[in-house]
Amino acid sequence: MRIIIHSDLNNFFASVECLKKPWLKDVPMAVAGDSELRHGVILAKNIHAAAYGVKTAEPICAAKRKCPDLITVPPNHDDYIIISRKVRKIYEEYSNNIEAFGIDECWIDISDIAKDFETGQQIADEIRTKIYELIGITASCGVSFNKVFAKLGSDIKKPDATTVISDKNFKEIVWPLDADKLLFVGRSTNKSLSQMNIHTIGDIANTDERSLELIFGKHGKSLWQNANGLDHSPVKDVDLPSIVKSVSHSITLPRDIINDDDVRVVLLSLSEKVSGRLRRLDMVCSTVQIYVRDFELYSYERQQKLSLPNRTASAIFESAFDLFKANHTSGKPIRSLGVRATDLSYDSVQQLSISKIHDDLEKYERIEAVTDGIREKFGITALKRGVMLTSNVLDGFETKNE
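Note that the working numbering numbers the sequence shown so that position 254 is 584, with each residue one more than the last.
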């Protein structure tokens, strides 16, 4: 018998924002698009906003009609990835078989350490407690003998609860639920099921399998199997695919620049910002790309591979400056510059540092990590490289990031 946990972090985006600003816990709040734009939508909300009927994916203007005092904050996906990976570290204390299902959900196969569902519930409760005590957010868990019912269990009781769906009680718990509660029953499928007078998961389970297959193809067979607890899909050892495909910073300059010294200062500043963000995400890059736009508004991009994946500002800058020197042969004044890190991975510099060849990389990484801390505490201008004092090209200007 398999014992599988599905862990779902409650109101994840909103919970992370409340970690950063604890006063938001006590007021109706939501994570949303630009609150200045009427077409922005709600991405997540806390329990106080939910009490007013605020729903995910509805327009901000509609949400504020329900809750005039609703406070909206912009999403910060870097922070969500960082917290998601911290939670995964907790899961890894219990299993090597962990499968991400979005940034805030994971299946965890604990069959090797759980002898029965009672033990599974104890482990799920322990995981929830650790997530709250170590990170400060809550999770709901489902414990079952397959992935589909484990996922369903985590949805039944929210927030901060564990639900067990066993091979003995699943018909009593699962079958009375609406059909659209079953994994992979979307709006279109549910509408078709309703037209067949199929309204509950039990109705799906008790419908002739061949009839569902004739209507929905292979999907119909899967629906019947899932409703009857016959999901045998394994929990794959899969990490969350990064929603961050690249990290970049760019600037439109206050004046056109024409000499290498100014270019060097700008590219170094951009590289430091890219490097700092990669460190926050615990990511490294394998490719560096530059963007150049001249005073005639002609633009181009060029890229090259690094000798080995890393995230140090020095390596990113050297690559960016080499690209510039090799490609900007026209000598035309420059209006905009950008630096982008791509081919990202979660491999850490420490994992890469396996020989003396990488000693310099480790040294730069330690120095830059300390620099990050000082700047975070005292401001971005608290520490500057000496070369940046030789030019005023960046005075008073902030870069844009993606």
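C-beta: ideal position from N, C-alpha, C; glycine also.
My assumption, with CB atoms under 8 Å, is that residue i sits in contact with residue j. Please give the rounded CB distance.
i      : j      : result
Pro490 : Arg458 : Correcting the residue type first, residue 490 is Asp in the shown sequence and not Pro. That belief holds up - the Cβ atoms of Asp490 and Arg458 are roughly 7 Å apart, short of 8 Å.
Tyr621 : Leu667 : 7 Å
Ile390 : Val371 : 7 Å
Leu597 : Phe651 : 5 Å
Select from the options the residue whose C-alpha is nearest the C-alpha of residue i.
i      : options                           : result
Ile433 : Ile333, Leu667, Ser414 and Leu597 : Ser414
Arg585 : Lys460, Ile377, Ile664 and Ile420 : Ile664
Thr386 : Pro404, Asn341 and Asp356         : Asn341
Ser576 : Asp356, Leu674, Thr582 and Thr642 : Leu674
Ser601 : Lys396, His579 and Asp591         : His579
Ala645 : Thr659, Tyr676, Ile438 and Lys603 : Lys603
Ser563 : Pro352, Thr492, Arg540 and Ile438 : Ile438
Cys363 : Arg517, Leu354, Ala393 and Lys551 : Looking at the sequence shown, residue 363 is not Cys but Gly. That would be Ala393, whose Cα lies nearest to the Cα of Gly363.
Gly661 : Val593, Thr642 and Thr672         : Val593
Lys460 : Asn558, Tyr421, Val346 and Tyr628 : Tyr421
Val669 : Ala656, Phe647 and His658         : Phe647
Can you grab the Cα-Cα spacing for the pair residue i / residue j, in whole Å?
i      : j      : result
Ser484 : Ser496 : 13 Å
Ser685 : Arg632 : Only weak support exists for where Ser685 lies, its pLDDT of 43 falling under 50; the value from the coordinates is given anyway. If you take the alpha carbons of Ser685 and Arg632, they lie about 31 Å apart.
Val478 : Val515 : 12 Å
Ile534 : Lys498 : 19 Å
Phe625 : Arg610 : 34 Å
Ala344 : Lys416 : 17 Å
Ile377 : Val384 : 9 Å
Leu542 : Trp554 : 7 Å
Asp510 : Phe475 : 21 Å
Gly532 : Leu507 : 8 Å
Ala380 : Lys419 : 30 Å
Asp446 : Ile333 : 7 Å
Arg607 : His407 : 12 Å
Ile467 : Leu544 : 45 Å
Val403 : Leu482 : 30 Å
Arg395 : Tyr382 : 10 Å
Ile440 : Ile465 : 22 Å
Cys348 : Pro405 : 12 Å
Cys436 : Ala430 : 4 Å
Tyr628 : Ile412 : 37 Å
Checklist entry - At a cut of 8 Å, does the region 636–654 reach the region 595–615 through at least three beta carbon pairs? => result Flag = yes, the region 636–654 and the region 595–615 touch.
Checklist entry - Touching or not, the region 498–510 and the region 581–597, by the rule of three or more beta carbon pairs under 8 Å? => result no
Item to check | Continuous alpha helix (DSSP H) assignments of at least 4 residues falling wholly in the region 336–378 | outcome: 342–350
Checklist entry - Should the region 335–345 be called in touch with the region 453–471, which here means at least 3 C-beta pairs below 8 Å? => result yes
Checklist entry - Quick one: complete beta strand (DSSP E) runs, 3+ long, within the region 491–547? => result 492–495
Next on the checklist: Quick test of the definition: if touching needs 3 or more C-beta pairs under 8 Å, does the region 561–568 touch the region 413–432?
Outcome noted: A contact exists between the region 561–568 and the region 413–432.
Item to check | Any beta strand (DSSP E) of 3 or more consecutive residues that is wholly inside the region 575–641 | outcome: 577–587, 614–624 and 629–640
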